[in-house]
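Trainee: Below you will find the structure I want to go over with you.
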Amino acid sequence: MTEATALYDLPGPRTRRRHTVYAVLSTVVMLALLAWICYLLFDTGQFAYTKWMPFEYEGIQRLLLRGLGNTLRAFALAAVLSLALGGLLAAGRLSDHRPVRWAATLVVEFFRAMPVLVMIFFIFVALRAQPLTALVAGLTLYNGSVLAEVFRTGVDAVERGQREAAFALGMRKTQVMAYVLVPQAVRAMLPTIISQLVVALKDTSLGYLITYEEFLHAGKLIASNLDYDLPFIPVVMVISPIYIGMCMLLSWFARWVSRREQRSPKTEAVAVTAAEYGTLLPGGEPPTAPRP
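Here the sequence shown stands for residues 191 to 482, numbered as in the working numbering.
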């Protein structure tokens with residue numbers, strides 16, 4: 191007999207064999223696809239020494255490191271400013287004053303619907319801004335507008351009784367937001383916030399279109415070099431894992447913060463020792479048996 195759980199029965203022998211067959215077939219298909227891709231790369235000479243030779247030169251390595259540093263600088267500025275702008279716009283959307291709420295809604299909807307590349311080009315060309323300024327401003331306006339909606343929905347998702355109880359205690363709206371609603375909403379919003387920051391990190395690659403010397407721009411300079419037989423695929427194979435690693439690092443950081451919040455003394459349950467016979471109550475006497 192199979193052991194049952196609360197939601198479903200555990201798979202039986204036939205189901206387990208079927209799942210094993212599916213897993214083996216899926217693994218074989220993926221390995222075959224990977225082998226086919228590797229064959230195409232070898233067949234087209236993508237692993238030839240000439241194409242990988244640029245990465246041996248110190249000048250190329252410095253170029254990539256400088257581009258990576260510029261990417262991280264643009265992302266750090268855009269992330270901090272986007273969080274600040276998102277919080278400001280979310281506060282405006284949650285305001286009790288109708289003109290403030292309407293103005294914040296108009297800004298959020300406009301910049302959230304505007305393509306990031308259009309904003310970057312407009313700031314760079316029309317406003318004659320520097321490449322870094324145009325890139326950071328475009329990323330801030332778009333991601334800040336998206337984060338504003340994340341913050342607003344996170345605060346609204348908190349149980350209504352929390353807000354009403356805080357107001358019943360005589361707290362002002364600013365205190366209710368700062369001490370009651372936002373701390374509870376942050377735990378629910380954290381995965382979405384990190385996901386949006388990952389989008390901002392990937393969108394920094396749009397800087398190469400306005401001649402900002404970020405990581406992708408450095409890779410483009412190497413890939414278009416005729417002296418090394420246009421090493422496009424090797425550049426992609428070097429740059430892509432670094433981008434993926436940075437995004438995975440952000441996701442790991444989000445999980446670490448989430449686990450730390452769960453272990454926080456403010457959120458952990460307090461263990462209470464069960465009362466035993468003869469335990470004194472505060473200000474009381476030892477319990478005695480009733481007299482006949």
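Glycine included, every Cβ here is placed at the ideal spot set by N, Cα and C.
Everything numeric in this text was worked out from a predicted model, so none of it was measured.
Counting only the same chain and skipping the five closest in sequence on each side, list residues whose C-beta sits under 6 Å from that of I429.
Mentor: G409
Trainee: Cα-Cα, which of S448, P421, L440, E246 is closest to A266?
Mentor: L440
Trainee: According to the neighbour-count rule (16 or more other Cβ atoms, all chains shown, within 10 Å of its Cβ), is F341 buried or exposed?
Mentor: With 16 or more other CB atoms across the displayed protein chains lying within 10 angstroms of its CB, F341 is buried.
Trainee: Mark V297 as exposed unless 16 or more other C-beta atoms lie within 10 angstroms of its C-beta, in which case mark it buried.
Mentor: With 16 or more Cβ atoms within 10 Å of its Cβ, V297 is classed as buried.
Trainee: Helix, strand or coil for E354? Go by DSSP, reduced to three states.
Mentor: helix
Trainee: Just tell me which of A319, A303, A444 has its CA closest to the CA of Y332.
Mentor: A303
Trainee: Can you have a look at V460 and say buried or exposed, based on whether 16 or more other CB atoms are within 10 angstroms of its CB?
Mentor: A caution first: V460 carries a pLDDT of 49, below 50, which makes its placement in the model too unreliable to give a value.
Trainee: With the cut-off set at 8 Å, would you say S395 and L337 are in Cβ contact?
Mentor: no
Trainee: Hey, which unbroken runs of the alpha helix (DSSP H) at 4 residues or more fall wholly within the region 378-422?
Mentor: 405-413
Trainee: Let's test the definition: count the other Cβ atoms within 10 Å of the Cβ of D346 and tell me whether it reaches 16, buried, or not, exposed.
Mentor: exposed
Trainee: Applying the 10 Å Cβ sphere with the 16-neighbour rule, what's the burial state of S335?
Mentor: buried
Trainee: Under the assumption that Y239 contacts P321 (Cβ atoms under 8 Å), give the Cβ distance between them as a whole number of angstroms.
Mentor: Going by Cβ atoms, the distance from Y239 to P321 rounds to 35 Å, so no, they are not a contact pair.
Trainee: Mind checking Y369: buried by the 16 CB within 10 Å criterion, or exposed?
Mentor: exposed
Trainee: If you reduce the DSSP assignment to three classes, tell me which class A316 lands in.
Mentor: coil
Trainee: Quick one: Cα of A375 to Cα of A269, how far?
Mentor: 19 Å
Trainee: Leaving out the 5 sequence neighbours to the left and right, which residues in its chain are closer than 7 Å to L387 when beta-carbon positions are compared?
Mentor: A269, L440
Trainee: Please classify E339: does DSSP put it in a helix, a strand, or coil?
Mentor: helix
Trainee: Which whole runs of the beta strand (DSSP E) in the region 224-259 are 3 residues long or more, in chain order?
Mentor: none
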